[in-house]
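Everything on this sheet refers to the single structure shown next.
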Amino acid sequence: MPRIKIQRKSTAIDMTAMCDVAFLLLTFFILTATARQPEPLPVDTPSSIVQIKLPDSDISTITIGGEGKTFFGVSGQPVRVNMLERIGKRYSIQFTPEEKKRFSLIETFGVPVANLKQFISLDGATRSKEGFQPGIPADSVNGAASELHEWIIAARYATKEVNNKELRVSIKGDSKEKYPAVKKVIDILQRQEVNKFSLITSLEAEEK
Amino acid sequence: MAELDTSGGGSKKGGKIRSKKQSTRVDLTAMVDLAFLLITFFMLTTTLAKPQAMDIAMPDKDEKNQETLDVADNRTMTILLGSNNKLEWYMGLVDKPIGAPTTTGFGKNGIRKSIIEQKKQVLGVTGDPKKGLIILIKASEKSNYKNLVDILDEMAITKPQTYAIVDITNPEIDLLKRDKLY
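Encoded structure:
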C-alpha cells in the first residue's frame, strides 16, 4: 500500500535548483550590465550600415545636439579623475578628493569650467535634467583655445597616463544637427592632430 | 534551502504531524518566473545597447606646410551637400565642370547610381585600377549631420578609391544657391 503515498508526493516539483540557477544568472547579468545613466542631452543618432561595435574602454564621446550644444564624456573613472586634475591645473581651480570622486561618477557633462564646482556639488537628478546643462563652450575666446579643446587634450593625456593607450574620440551627433556645429568639433579635433575618429550611428539594414 | 517553514510555533502545541508536513513547502513557481523575466531583460539590454561606430579619417591639416597634389580633373567627383536633404555633384573643377552639375537625392536611386556610373567611367578612361575615382565631399552650412553620415555611408557601400571631406568654397556655394539648395 505504499504506492499511494508516492503518487501524492510527485504533484509538486522541487524548484530549488532551478531557482538557484535563475538567481545566479540574474546576479551575473545585473553585475555585468553597465548601468545606463540618463543622458543630459538625448540625441537621435543617424543610421548607417556599418556594423563595427563601439569599444568600451579608452573612448571619449563628444555629443552634439540641441542647436550646437556640445557635451563631453570619457570612459573609466581613474581617467576622469586624472582629467579633472589636469583641467584644474590648467584653469587654476583646486578640487577636493570628495569632488574628484563625485566627478568620476559623471558619465557625460556639459558645463563651462567656471560652473564646474557648483555642477559637481549638485545631485544626479538635478544634473541630468534636460536642458539644465548649457554645453561646453567650443568657441575660442581671445585667441585662447576653447574649453572643449582643453578637455579633449586633458582626456587624451589622462588616458595615456592611466591606461597607456591612445584615446579614441567619437562623435555622437543628432541627425538634425546643422553641419557647422559638427564642423566646429571636427576642426577642434584636427587642430590637435586627431584626424581619425568615429561617428556613432545606429544600425540600419543594408539596401540591396 | 528554498523551502520555508511557514507552520509557525502553533504546530508544537497541537502536535498534528500531518498538517505540518504539508505546510513545509512553498511554491517557487512565481519566484522563478520573475527571476527568468529579469534575466531576459538584462540579457537583452546588455547586448543590444551598444552603438555602432563609423570610423573616418580626415585629411591631415597642416597650416604651415600647404602641399597640394595635382590630380586629373576627370577623376575627381565633387559632391556638395545642400539643404532639404538634396545634393549636387559634378566632375572636374567648379568653374569648368565636365558635364553639367546634377542635383539628386540620397539613397540607392540617387547618388549611389551616379557614383557607380562615374566609377566605371573613370576606370574606363584611365584604364588603371590604381587610378580610380576620387570623391570630394563638401558639406554646406545648410546640410545637417545626417546628410554627412548618409554620404559617408554611400562611400562605404560604393567604395571609391579615395574620398575626403573638405571645406566648401564660395563658387560652390553660388552653385548651390543657383539651384536653390542653399
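Residue numbers (our numbering), protein chains in the order written: chain R, 860 to 1067; chain W, 781 to 962.
Ideal Cβ placement from N, Cα and C applies to all residues, glycine included.
This structure is a prediction, so every number in the text was calculated from the model and none was measured.
#1: Interface residues of chain W around Leu1082 (chain R) at Cβ under 8 Å?
#2: Taking Cβ-Cβ distances shorter than 7 Å, what residues in chain W pair up with Gln1051 (chain R)?
#3: Taking 8 Å as the threshold (beta carbon to beta carbon), is Phe886 (chain W) in contact with chain R?
#4: Quick one: what does DSSP say Thr875 (chain R) is sitting in, helix, strand or coil?
#5: Give the single residue among W:Lys900, W:Leu817, W:Tyr925 whose Cα lies nearest to the Cα of Leu913 (chain W).
#6: Using Cβ-Cβ distances below 9 Å, what residues of the region 895 to 924 of chain W are close to chain R?
#7: Would you identify the three-state DSSP class for Pro839 (chain W), choosing helix, strand or coil?
#8: Quick one: is Pro899 (chain R) buried, meaning 16 or more other Cβ sit within 10 Å of its Cβ, or exposed?
#9: Which whole-angstrom value describes the C-beta separation of Asp853 (chain W) and Leu824 (chain W), a residue pair presumed to lie in contact below a C-beta threshold of 8 Å?
#10: Is there a Cβ of chain R sitting closer than 8 Å to that of Gly790 (chain W), yes or no?
#11: Could you please tell me which residues of the region 1029 to 1050 of chain R, in chain order, have their CB closer than 7 Å to any CB of chain W?
#12: Buried or exposed, going by whether 16 or more other CB atoms sit within 10 Å of the CB of Ile945 (chain W)?
#13: Only counting the same chain, and skipping five residues up and downstream in sequence, which positions put a Cβ closer than 6 Å to that of Ile895 (chain W)?
#14: Output, in sequence order along the chain, the residues in the region 806 to 824 of chain W whose CB is closer than 7 Å to any CB in chain R.
#15: What did DSSP end up calling Gly1002 (chain R) once you bin it into helix, strand or coil?
#16: Does chain R have any CB closer than 8 Å to the CB of Ile891 (chain W)?
#17: In chain order, what residues of the region 923 to 946 of chain W put their CB closer than 9 Å to some CB of chain R?
#18: Under a Cβ-count criterion, where at least 16 other Cβ atoms within 10 Å of its own Cβ denotes burial, should Gln910 (chain R) be classed as buried or exposed?
Taking the definition as stated:
#1: Look at the range of chain R in this structure, 860 to 1067, and you will see that residue 1082 (chain R) is not part of it.
#2: The premise fails here: Gln1051 (chain R) is roughly 11 Å from chain W at the closest Cβ pair, so nothing lies under 7 Å.
#3: no
#4: helix
#5: W:Lys900
#6: Ala919, Ser920, Glu921, Lys922, Ser923, Asn924
#7: coil
#8: buried
#9: Going by Cβ atoms, the distance from Asp853 (chain W) to Leu824 (chain W) rounds to 53 Å, so no, they are not a contact pair.
#10: In this prediction, Gly790 (chain W) has a pLDDT of 48, which is less than 50 and means its spatial position is unreliable; what the coordinates show is noted afterwards. Chain R, which has no Cβ nearer than 8 Å to the Cβ of Gly790 (chain W), makes this no.
#11: Ser1029, Gly1032, Asp1033, Ser1034, Lys1035, Glu1036, Lys1037, Tyr1038, Pro1039, Val1041, Ile1045, Gln1049
#12: buried
#13: Thr938
#14: Leu808, Thr809, Met811, Val812, Ala815, Phe816, Leu818, Ile819, Phe822, Met823
#15: coil
#16: no
#17: Ser923, Asn924, Tyr925, Lys926, Asn927, Leu928, Val929, Asp930, Leu932, Asp933, Ala936, Ile937, Ile945
#18: exposed
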